Amino acid sequence: MDFQTKLESLHSEIVSALCCIREMPENLLPFSIFVEEETDESLASGHSVYNQYSLTEIFADGTCILENPDTGKEEKRTLNEISIDHLTELWNMYRHLYCEEAVNKANCLLQSMEPIAKSLITGRYITDFLVHDTNLIRTSYANRPFIWLVYQSGTHLHFIDKKQEILHLKNRLDFYEKFSDTDLYLFRYDGHILFPVFQKVLRGWIENQLKNEN
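All you need for my numbering is the position in the sequence shown, starting with 1, plus 545.
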């Protein structure tokens with residue numbers, strides 16, 4: 546594969562990656578870019594002209610909105626028209642902002658969980674939260690929904706975005722109901738907010754999820 550082919554392939558990969566972004570981090574757009582364009586003057590001189598635009602929106606089909614900074618006029622174009630240099634810079638900035646937001650999101654969630662854990666868990670069992678739960682939340686960037694079981698002698702954190710994990714949660718609740726006589730506190734995290742949930746409500750939700758998967 547020659548250099549030009551590799552460059553074109555990389556350009557396509559970056560465009561595809563940008564199109565897959567579901568939620569743009571704050572402060573990523575608008576993004577200043579230059580587009581190589583041909584005008585009557587450039588055709589006469591044999592040289593292309595690079596015009597500046599503000600990239601304001603990106604769509605899943607590879608199209609985008611470019612705004613002329615001088616006139617404020619917007620037009621629908623394609624990401625393929627933007628040079629690989631600017632697309633690479635945009636992608637690197639996205640990764641930086643995404644990681645920064647993800648870390649902040651995880652930290653905020655852990656800060657809201659910590660007083661709950663400290664008030665309900667006894668002594669050394671707090672390590673369930675400080676080590677195990679904290680690691681799960683940081684490695685998932687607080688993006689995965691879960692059910693958090695908290696009781697005097699520890700915690701259990703169950704992600705609930707897969708059938709097998711929901712089934713595992715059901716088995717945990719069944720075991721606790723049969724063999725434990727201590728108070729159990731349940732919290733649900735939907736990917737954005739942590740809130741308490743009654744066991745009866747949770748069991749109904751679990752039943753519906755497992756039924757729908759069959």
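All C-beta atoms, glycine included, are put in the ideal place defined by N, C-alpha and C. The structure displayed is predicted, hence computed values, not measured ones.
Grab the span of the alpha helix (DSSP H) containing residue i for me, first residue to last.
| i | result |
| --- | --- |
| Phe724 | 708-724 |
| His641 | 629-665 |
| Asn680 | 679-684 |
Enumerate in chain order the residues of its own chain whose CB-to-CB distance from residue i is below 6 Å, with the five nearest sequence positions on each side excluded.
| i | result |
| --- | --- |
| Lys715 | Ile751 |
| Asn596 | Val580, Glu582 |
| Val695 | Leu665, Tyr730 |
Using CA atoms only, rank isn't needed, just tell me which of the options is closest to residue i.
| i | options | result |
| --- | --- | --- |
| Glu646 | Ala687, Ser725, Asn625 | Ala687 |
| Thr684 | Gln697, Asn649, Cys564, Ile578 | Asn649 |
| Leu642 | Leu574, Phe704, Phe740 | Leu574 |
| Lys708 | Ser657, Lys756, Tyr730, Ile566 | Lys756 |
| Thr700 | His631, Ile682, Thr672 | Thr672 |
| Ala605 | Glu568, Glu612, Glu619 | Glu568 |
| Asp728 | Asn613, Leu600, His592, Leu718 | Leu718 |
| Ser557 | Thr616, Pro741, Asp630, Leu600 | Asp630 |
| Cys644 | Pro570, Phe724, Pro741 | Pro570 |
| Ile566 | Arg640, Ile682, Pro660 | Arg640 |
Should residue i be labelled buried (16 or more other beta-carbon atoms within 10 Å of its own) or exposed?
| i | result |
| --- | --- |
| Phe720 | exposed |
| Val746 | exposed |
| Ile578 | buried |
| Val529 | A query on residue 529 cannot be resolved here, the shown segment of the chain reaching from 546 to 759 and no further. |
| Phe487 | Here the chain has residues from 546 to 759 only, and residue 487 is not among them. |
When you measure from the CB of residue i to every non-hydrogen atom of the ligand FAD, does any distance come out below 7 Å?
| i | result |
| --- | --- |
| Pro575 | Summarising the ligand content, the structure contains no ligands, and the ligand FAD is consequently not present. |
Strictly under 8 Å for the Cβ-Cβ distance: is residue i near chain B by that measure?
| i | result |
| --- | --- |
| Pro614 | The structure shown contains no chain B; it is built from a single protein chain. |
State the start and end residues of the unbroken beta strand (DSSP E) segment that holds residue i.
| i | result |
| --- | --- |
| Cys564 | From DSSP, Cys564 is part of no beta strand (DSSP E) but of the alpha helix (DSSP H) over 548-564. |
| Asn596 | 594-603 |
| Val695 | 691-696 |
| Val580 | 576-582 |
| Gly699 | 699-704 |
Identify, in the order they occur along the chain, each residue of the same chain with its Cβ nearer than 7 Å to the Cβ of residue i, setting aside the five sequence neighbours on each side.
| i | result |
| --- | --- |
| Trp636 | Ile559, Ala562, Leu563 |
| Ile705 | Pro690, Phe691, Ile692, Ile711, Leu714 |
Tell me which residues share the same chain as residue i and place their Cβ nearer than 8 Å to its Cβ, disregarding the 5 neighbours each side in the sequence.
| i | result |
| --- | --- |
| Leu739 | Leu654, Ser657, Met658, Trp693, Phe732, Arg733 |
| Asp735 | Pro690 |
| Leu624 | Val560, Leu563, Cys564, Ile603, Gly607, Thr608, Cys609, Leu632 |
| Thr667 | Gln697, Ser698 |
| Gln744 | Leu718, Leu729, Leu731 |
| Ser593 | Glu581, Glu582, Glu583, Ser587 |
Task: Completely contained alpha helix (DSSP H) runs for the stretch 725-755, where each covers 4 or more residues - done: The stretch 725-755 contains no whole alpha helix (DSSP H) run of 4 or more residues.
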